[in-house]
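Counting from 1, one number per residue, gives the positions in the sequence shown under the UniProt record's numbering.
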Amino acid sequence: MIVFDESDTTVKSQQRVEDRVQALQNDGENIPPPAYSGPSSNTSALHIAAHANDSLPLLRAGYDYAAKEPTSRRFMKAFAAALLIYAFLALFARGIFMIARYEALWSKINHDEVGWPLEDDGKLLRCVRGREQWLWHGAGAPYSASFELPLSAEQVILTSRGRLSKGRVHIIQDPSWTKPNTAAVNISLLYPFEALWDRMSVCMLDLDGASVVGLYIDDNERKPKTPNRWPALFPDVFEFNVTIRLPISEDHTPLHIPSLVTNVPNFSQFVDDLAGNVTFGLLNLWGSNGPVAAQSVSAGEMSIMSRNGPIEGTFYASEFLSLVTSDSHIKADVHITAHNNNTALHMKTSNGALDSSVSLASASPGAAGDSFIVSAQTSNAPLTLAFPQSPLDARLTLRARTSNAPAAASLHRAYEGSFKLRTTNGRMAVPFDQNAHDPTGSGRTRQLSLSQSERLVTGSVSWGEADTQTGSVEVESTNGPVTLNLV
Numbered sequence: 001m002i003v004f005d006e007s008d009t010t011v012k013s014q015q016r017v018e019d020r021v022q023a024l025q026n027d028g029e030n031i032p033p034p035a036y037s038g039p040s041s042n043t044s045a046l047h048i049a050a051h052a053n054d055s056l057p058l059l060r061a062g063y064d065y066a067a068k069e070p071t072s073r074r075f076m077k078a079f080a081a082a083l084l085i086y087a088f089l090a091l092f093a094r095g096i097f098m099i100a101r102y103e104a105l106w107s108k109i110n111h112d113e114v115g116w117p118l119e120d121d122g123k124l125l126r127c128v129r130g131r132e133q134w135l136w137h138g139a140g141a142p143y144s145a146s147f148e149l150p151l152s153a154e155q156v157i158l159t160s161r162g163r164l165s166k167g168r169v170h171i172i173q174d175p176s177w178t179k180p181n182t183a184a185v186n187i188s189l190l191y192p193f194e195a196l197w198d199r200m201s202v203c204m205l206d207l208d209g210a211s212v213v214g215l216y217i218d219d220n221e222r223k224p225k226t227p228n229r230w231p232a233l234f235p236d237v238f239e240f241n242v243t244i245r246l247p248i249s250e251d252h253t254p255l256h257i258p259s260l261v262t263n264v265p266n267f268s269q270f271v272d273d274l275a276g277n278v279t280f281g282l283l284n285l286w287g288s289n290g291p292v293a294a295q296s297v298s299a300g301e302m303s304i305m306s307r308n309g310p311i312e313g314t315f316y317a318s319e320f321l322s323l324v325t326s327d328s329h330i331k332a333d334v335h336i337t338a339h340n341n342n343t344a345l346h347m348k349t350s351n352g353a354l355d356s357s358v359s360l361a362s363a364s365p366g367a368a369g370d371s372f373i374v375s376a377q378t379s380n381a382p383l384t385l386a387f388p389q390s391p392l393d394a395r396l397t398l399r400a401r402t403s404n405a406p407a408a409a410s411l412h413r414a415y416e417g418s419f420k421l422r423t424t425n426g427r428m429a430v431p432f433d434q435n436a437h438d439p440t441g442s443g444r445t446r447q448l449s450l451s452q453s454e455r456l457v458t459g460s461v462s463w464g465e466a467d468t469q470t471g472s473v474e475v476e477s478t479n480g481p482v483t484l485n486l487v
């Protein structure tokens with residue numbers, strides 16, 4: 001058994017460690033400087049000392065040691081930062097895109113949805129916008145605005161755009177309006193709901209030589225910030241009364257206006273007794289959801305068009321006349337004067353009766369061979385036509401049709417030509433007066449030829465010789481009787 005003297009061994013070991021440390025300390029001045037600054041220059045000495053004596057410090061006093069972060073964590077942080085940058089750039093780009101899109105939409109809304117003319121509407125001359133620009137004459141009076149349009153313009157146009165507008169248009173000749181060759185357009189506005197004022201403008205424009213007055217209403221269905229608590233007193237729509245005042249001509253002859261056009265949806269339109277005092281080269285009255293009525297009006301070319309509104313009145317035309325509506329009736333006293341041997345009348349509706357008296361006339365007395373083309377059509381309602389006047393030897397082409405209702409036409413006794421009646425289910429009749437007076441006063445005898453089948457009647461009528469056929473008439477119905485009166 002070997003026994004070590006513990007005290008001896010300990011003392012000797014401690015002495016060797018101290019000697020080694022002293023030697024290292026003495027040689028420290030000869031150690032070359034490290035390649036870079038840092039705590040690793042004395043690592044060997046400190047490491048040896050630490051193993052030699054636990055009482056020595058593991059780290060040099062004042063040394064700030066920071067543990068290295070794991071690579072995976074640093075990667076995740078970098079990845080998260082990249083995602084944040086990408087998201088920021090994406091949001092920034094989207095913001096730029098939305099701003100550009102908003103500006104484009106707002107530019108469009110400014111012209112299209114917020115009661116303002118489009119560039120295609122013409123050159124802007126004057127606008128009334130906002131309540132402060134309308135004239136007001138005190139409690140109980142409507143707001144008003146006025147415009148003056150030159151009648152020498154290529155066209156005089158009244159237009160309205162927007163579902164939130166309705167009203168009446170009245171065309172009159174006013175002796176109190178003394179400006180020659182100028183039409184006054186007076187507009188009155190009933191009290192609208194306060195929040196709607198900024199959604200409407202009334203403007204005067206020039207459109208390639210045409211003088212235009214336009215009512216432009218915001219079509220955006222957004223709700224106003226303040227709810228309307230009194231809709232009976234302050235309606236949620238703009239209700240206009242528009243009066244077009246025409247002057248008396250300076251020489252008291254009929255006033256001639258080259259062209260007057262209205263395009264006013266949701267408006268009723270009324271024309272005073274103008275025939276004989278005013279003539280139009282072109283007259284177009286277009287609207288919807290309201291009647292168009294004329295005491296009397298005369299034009300070379302005339303187009304009256306409505307939807308869901310009746311057409312009534314006395315109409316004079318020399319070139320072309322069109323009366324068109326839907327879901328309502330037409331009741332018209334029509335006077336057509338032949339022009340260049342080709343004058344046309346077109347009448348059409350649906351789900352409403354068509355009742356018209358059509359007087360045919362020549363442009364010059366004693367003229368013969370004038371040509372007239374007449375078409376009349378409805379559905380699910382009666383069709384009734386009468387021709388109380390006609391020039392001698394006139395050539396009439398008539399097409400009349402309805403469905404599920406009677407169809408009847410009464411021709412002037414001067415008519416000569418063929419005819420055809422047709423129905424799918426109903427009686428067909430051709431009342432005929434053989435002893436009718438010869439319209440020429442020559443004592444001719446009236447001739448009739450007739451052929452009938454189950455659903456069709458054909459024939460012809462003439463004065464004297466049977467081969468003098470100049471006109472063509474067709475009257476048709478389905479599920480209704482058909483009558484052609486030759487009396």
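The beta carbon of each residue, even a glycine, is placed where N, CA and C say it ideally should be. None of the values given here were measured: they were computed from a predicted structure.
With a threshold of 16 other CB atoms inside 10 Å of the CB of residue i, please say whether the residue is buried or exposed.
i	result
S451	exposed
T402	buried
P365	exposed
N266	buried
T445	exposed
M76	exposed
H137	exposed
K179	exposed
I85	exposed
Q434	exposed
L285	buried
A368	exposed
D120	exposed
G313	buried
T253	exposed
D251	exposed
Is residue i helix, strand or coil by DSSP?
i	result
S188	strand
V482	strand
A78	helix
W177	coil
D333	strand
I85	helix
T71	helix
R307	coil
R199	helix
S259	strand
E301	strand
T411	Checking the sequence shown, residue 411 turns out to be Leu, not Thr. Here L411 sits in coil by DSSP.
N241	strand
T437	The sequence as given places His at residue 437; Thr does not occur at that position. DSSP places H437 in coil when its eight states are reduced to three.
D54	In this predicted model, D54 has a pLDDT of only 48, less than 50, meaning its place in the structure is not dependable enough to derive any value.
A429	strand
L158	strand
T445	coil
T253	coil
R229	With a pLDDT of 49 at R229, under the threshold of 50, the modelled position of this residue cannot be trusted, and the question is left open.
Taking the DSSP output, what are the residues bridged to residue i?
i	result
E474	R399 and K420
D206	K123 and S211
V144	Contrary to the premise, residue 144 reads as Ser rather than Val in this sequence. DSSP, once it has assigned bridges, lists L135 and S188 as partnering S144.
L164	Per DSSP, none; premise fails for L164.
I248	Looking at the DSSP assignment, I248 forms no beta bridge with any residue, so it has no partner.
P265	S288
S450	Reading the sequence as shown, one finds Leu at residue 450 and not Ser. DSSP, once it has assigned bridges, lists G459 as partnering L450.
S296	D273
A183	L149
V169	V242 and Q269
Using a Cβ-Cβ cut-off of 7 angstroms (strictly less than) and excluding sequence neighbours within five positions of residue i, which residues of its own chain qualify?
i	result
A153	G209, A210 and S211
T470	D393, R395, E416 and G417
S249	L255
P150	N181, T182 and S211
D327	N308, S350, N351 and G352
Leaving out the 5 sequence neighbours to the left and right, which residues in its chain are closer than 6 angstroms to residue i when beta-carbon positions are compared?
i	result
T483	A408 and A429
S298	A275, T279 and Y316
V473	L398 and F419
M302	L283, A317 and L321
M305	W286 and V324
N425	N479
I311	V292, I304, L323, T325 and I330
R229	A caution first: R229 carries a pLDDT of 49, below 50, which makes its placement in the model unreliable, though a value can still be read off. Excluding sequence neighbours, R229 sits near nothing in its chain.
H335	Y316 and S359
Residues in its own chain within less than 8 angstroms of residue i by CB, not counting five upstream and five downstream?
i	result
D206	G122, K123, L125 and V212
W197	G130 and R131
Establish whether the CB of residue i and some CB of chain D are separated by less than 8 angstroms.
i	result
F270	Reference to chain D is not applicable here, since this structure consists of a single protein chain.
- For the region 112–136, list the beta strand (DSSP E) runs that are entirely contained and at least 3 residues long, ordered along the chain. Qualifying beta strand (DSSP E) stretches, in chain order: 123–129.
- Query: Unbroken beta strand (DSSP E) runs of length 3 or more, entirely within the region 313–397: which are they?
  - Reply: The beta strand (DSSP E) runs lying completely inside the region 313–397 and spanning 3 residues or more are 330–337, 343–348, 354–361, 371–377 and 383–389, given in chain order.
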